[in-house]
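Working notes for the structure below.
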Amino acid sequence: VGVPPMEDFYIGGASVKIFLPVFRMNFPEIVDMSLPAEGVFHNLVVVSIKKTYPMQAYKLMHGLWGMGQMMFTKYIIVVDDDVDVHDTSAVMFRWLSNTDPHRAALLTRGPADVLDHSTPAGGMGAKMGFDATRKLPGEGFKRRWPPLIRMDDSVRRRINDLRR
């Protein structure tokens, strides 16, 4: 049995449009949110925030897991406000380049979807959050955070022309 193309699952976008204003009432730092089809909409949530204080990403993770059906979310990735949460490549780049697993990952337990076959027992399982935001000195980060290197538009056009 083949897997349908991800664009066939766009209903996750509708859910975000409906619930994002509710989430922002509780968490005004939220800029945008995505429930990617690859995560079957509730297993993975990517959230961008306007970070203003240390450990804010962790506060948001705990808060989201405490909001109704969000308790079933297995993975939360929190990124900075300049990341397009709907661009999987951009999210993966920030997640993989801005995290040290020991420092940036949060592992906890809680309620799980009773239909989730991966849990050790029905209705309970693990959750994992990742703080993929730029780290602040108040978070124990002592090094200079590097600037993001962006390709110049003329270089991008030239590379794209070479691909054709």
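Going left to right, the sequence shown walks through residues -10 to 153 as the numbering used here numbers them. Glycine is no exception: its CB is placed at the ideal position from the N, C-alpha and C atoms.
Item                                                                                                             : Value
Same chain only: Cβ atoms within 6 Å of Leu33, ignoring 5 sequence neighbours per side                           : Pro25, Tyr64
Status (buried if at least 16 other CB within 10 Å, exposed otherwise) for Thr41                                 : exposed
As assigned by DSSP and simplified to three states, the class of Thr77                                           : helix
CB of Ala93 within 8 Å of CB of Phe119, strictly                                                                 : yes
Alpha carbon of Asp73 to alpha carbon of Ser23, nearest angstrom                                                 : 9 Å
Cβ-based burial, Ala3 [other Cβ within 10 Å; buried from 16]                                                     : exposed
Any 3 or more C-beta pairs closer than 8 Å across the region 145 to 152 and the region 112 to 132                : no
Runs of beta strand (DSSP E) lying entirely within the region 29 to 56, each at least 3 residues, in chain order : 33 to 38
Three-way DSSP call (helix, strand, coil) for Asp89 in this model                                                : coil
Burial state of Arg83, where buried means 16 or more other Cβ atoms lie within 10 Å                              : buried
With 16 other Cβ atoms within 10 Å as the buried cut-off, status of Lys116                                       : buried
Inter-residue Cα distance where the pair is Ser78 and Pro136                                                     : 18 Å
Sheet register partners of Arg98 (DSSP bridge)                                                                   : Ala115
Cα-Cα separation between Pro43 and Val5, rounded to whole angstroms                                              : 26 Å
Nearest candidate by alpha-carbon position, reference Val103, set Asp21, Glu18, Ile19, Met60                     : Met60
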